[in-house]
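Chemist: Numbering (mature numbering (1 follows the signal peptide of the UniProt record, and there is no 0)), first residue to last: -30 to -1, 1 to 130.
Laid out in structure tokens, this is it:
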């Protein structure tokens, strides 16, 4: 058995178990560590994509937009970023809007992941959105597994 086959046989049950655990526990979301968290401002943002069983092609455009409850874009990135191979992870930094607050993002905000494939492309992936705030708090938002393709190009999830 070659190395790639062994890796797939080991990784698939591990990822499936993680997805089940997150599904049982519910999606992760941030809560303030102290009373001042609501006024804290966004300092940095990144998203880590883990490609599961079907890669993202090198010529598929990916756009990530984080909006607050009022629809303002607070963090974003867009690019081709190369191929995202099966069973790999890639972290992308997001550009942030100055003045974006914890309260407006974590209480009613959303994340949208959109692809623009060049022809046919199905991408099976999980993601972790990491948001860091001025008071040291952090927001971690997980999606344990989803799929986008030329027929379903966009996914929006709430952050609360």
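Don't be surprised by glycine CBs; every beta carbon is placed ideally from N, CA and C. Source: prediction; values computed, not measured.
DSSP three-state label for residue 49, please.
Modeler: Of the three classes helix, strand and coil, the one that applies to residue 49 here is strand, per DSSP.
Chemist: Give the list of continuous alpha helix (DSSP H) stretches no shorter than 4 residues that lie fully inside the region 43 to 97.
Modeler: Within the region 43 to 97, the complete alpha helix (DSSP H) runs of at least 4 residues are 72 to 76.
Chemist: Quick one: Cα of residue 121 to Cα of residue 93, how far?
Modeler: The alpha-carbon atoms of residue 121 and residue 93 are separated by roughly 12 Å.
Chemist: Mind checking whether residue 16 and residue 71 have CB atoms under 7 Å apart?
Modeler: No; because the gap between Cβ atoms is not below 7 Å, this pair is not in contact.
Chemist: In whole angstroms, what separates the C-alpha of residue 89 from that of residue 32?
Modeler: Between residue 89 and residue 32, the C-alpha separation is close to 14 Å.
Chemist: Once you ignore the five residues that flank residue 58 on each side, which residues in its own chain have a CB closer than 8 Å to its CB?
Modeler: Taken in chain order, the residues that qualify are 20 and 21.
Chemist: Taking residue 150 as the reference, give the member of 66, 126, 52 and 8 with the closest Cα.
Modeler: Nothing about residue 150 can be reported from this structure: the residues present for the chain run from -30 to 130 only.
Chemist: Straight-line CA distance for residue -9 to residue 68?
Modeler: Residue placement at residue -9 is poorly supported in this model, since its pLDDT is 43, which falls under 50; the coordinates still yield a value, given next. So the alpha carbons of these two residues sit roughly 32 Å apart.
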